[in-house]
Amino acid sequence: MNVTIEKLVEETNASRCVGIEITNKSTKIILEHPQTYCFSGSRKNLPLPSIHPGERVVSIFVKTQGAPRGSVGILSYKFNNKRFFLYFSNPFDYVLYTNEFALHIADESVQTDEDLYKVLAFGSLDPLYKKKSVQSDDSSLKLKGEGVQIVATMSASSKPVIKLQFSEDIS
Numbered sequence: 023m024n025v026t027i028e029k030l031v032e033e034t035n036a037s038r039c040v041g042i043e044i045t046n047k048s049t050k051i052i053l054e055h056p057q058t059y060c061f062s063g064s065r066k067n068l069p070l071p072s073i074h075p076g077e078r079v080v081s082i083f084v085k086t087q088g089a090p091r092g093s094v095g096i097l098s099y100k101f102n103n104k105r106f107f108l109y110f111s112n113p114f115d116y117v118l119y120t121n122e123f124a125l126h127i128a129d130e131s132v133q134t135d136e137d138l139y140k141v142l143a144f145g146s147l148d149p150l151y152k153k154k155s156v157q158s159d160d161s162s163l164k165l166k167g168e169g170v171q172i173v174a175t176m177s178a179s180s181k182p183v184i185k186l187q188f189s190e191d192i193s
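So the number in the working numbering is just where the residue sits in the sequence shown, counting from 1, plus 22.
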């Protein structure tokens with residue numbers, strides 16, 4: 023990948039968007055069968071159907087032009103017999119809301135849909151769920167479970183970038 027996710031996001035013609043870069047740092051796990059759900063906004067590009075070990079892919083989600091809403095949604099990938107979910111929210115109104123993101127791992131049968139959006143956006147007691155608000159500084163999350171480790175960071179801006187690294191849990 024010659025162009026950085028930061029450059030792609032900067033060049034995106036939208037007042038609110040979220041750039042996502044996923045790096046598969048595992049040695050043998052293939053991430054596949056992506057699913058997306060947009061509560062607000064839309065996908066600028068489709069996620070790749072698979073991410074092999076050592077590969078890096080990017081996706082961009084944008085707000086609906088002219089609408090007083092941000093870019094809010096979920097991107098997920100299947101691995102083994104599980105699925106990991108990345109929830110993100112870049113709201114239109116920073117007075118009432120902040121950027122936030124969450125990580126979750128569940129069975130592969132869990133759908134990336136409005137029901138899951140409500141769980142991820144409003145909280146869960148599941149130990150395989152982590153969520154964080156992003157204020158003025160970049161924030162990071164780490165989730166371990168089901169033999170994997172997921173580490174993600176989200177920048178604090180109107181066009182935030184989420185960088186996610188997926189790997190086996192060797193601890």
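Glycine residues also receive a C-beta, built at the ideal position from the N, C-alpha and C atoms. Remember, it's a predicted structure, so these values are computed and weren't measured experimentally.
- How many Å lie between L118 and S179 at the Cα? 15 Å
- Task: Note down the Cα distance separating Y59 from I44, rounded to an integer number of angstroms.
- Result: 17 Å
- Message: Tell me which residue opens and which closes the alpha helix (DSSP H) that A143 is part of.
- Response: 136 to 144
- Beta carbon of Y139, beta carbon of F61: below 8 Å? yes
- Message: Between which two residues does the beta strand (DSSP E) holding I96 run?
- Response: 93 to 101
- Look at the alpha carbon of S48 and the alpha carbon of I27, and state the distance between them as a whole number of angstroms. 21 Å
- Task: Evaluate I25 with the Cβ neighbour count: other Cβ atoms within 10 Å of its Cβ, from every protein chain shown; 16 or more gives buried, anything less gives exposed.
- Result: In the sequence as displayed, the identity of residue 25 is Val instead of Ile. V25 comes out exposed.
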